[in-house]
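The opening position of the sequence shown corresponds to residue 286 in this note's numbering, with each subsequent residue numbered one higher.
Glycine included, C-beta positions come from ideal geometry on N, C-alpha and C.
Bear in mind that the values here come from a model prediction, so they are computed numbers and not experimental data.
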Amino acid sequence: MNYFHNEWLKTNDGWYEGIQVYTPSTNNALEATNKTIKDDGTFRERHVLSRFLTIATNVINNWSVERDSSSINAKIFATEPTISLELWTLSYQWAKSTKDIICISNDSSKTYYIPARDLQSISQANLNKYKNKTWSTFNQS
């Protein structure tokens with residue numbers, strides 16, 4: 286708990302978790318695959334090695350069958366993200382925006398401050414307010 290408190294409430298307290306439907310909520314694809322195996326294969330139970338190997342073989346077989354491109358309802362394995370035209374357009378418009386982005390560098394990192402919504406800039410007073418905030422839990426606003 287001390288690690289979490291120091292790392293995420295004191296040091297990196299401006300980070301947040303976002304969500305995108307049908308996308309793993311982790312940046313680690315291996316962990317997402319591990320979750321799928323536990324949820325669909327082992328049901329989070331511990332098994333003796335022989336039973337686990339049987340389950341693992343079944344999981345891999347099912348994945349293979351589900352992703353067979355000759356199958357009518359094949360799950361296509363994505364090798365790159367699918368980005369809609371709408372998202373490309375919004376991204377381009379954002380990149381072309383005239384927002385004043387503040388970058389503050391120190392010895393080991395850079396911190397970027399980007400105005401929210403339709404704001405074009407961040408006042409020094411608001412930047413100082415953010416930097417000096419004293420949030421210590423997730424329940425504070």
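Near residue i, what residues of its chain come up, given a Cβ to Cβ distance below 7 Å and the 5 sequence neighbours on each side ignored?
i	result
L315	none
T367	none
N313	none
Please report the Cβ distance between residue i and residue j, rounded to the nearest whole angstrom; I am assuming they are in contact, meaning their Cβ atoms lie under 8 Å.
i	j	result
I387	L370	In fact, because the Cβ distance is near 31 Å, the residues do not count as touching under 8 Å.
Residue i and residue j: beta carbons closer than 7 Å?
i	j	result
G326	V350	no
D385	S406	yes
K320	R329	no
With a threshold of 6 Å on Cβ separation, who are the neighbours of residue i within its own chain once the five nearest residues in sequence on each side are excluded?
i	result
N417	none
I389	T396
Y288	none
Could you please give me the residues that DSSP links to residue i through a beta bridge?
i	result
T396	I389
By Cβ distance, which residues of its chain are closer than 8 Å to residue i, with the 5 residues on each side in sequence left out?
i	result
R352	A359, K360, I361, F362
W373	none
With a threshold of 8 Å, are at least 3 pairs of Cβ atoms found where one atom belongs to the region 377 to 396 and the other to the region 357 to 367? Contact fails: fewer than three Cβ-Cβ distances are below 8 Å.
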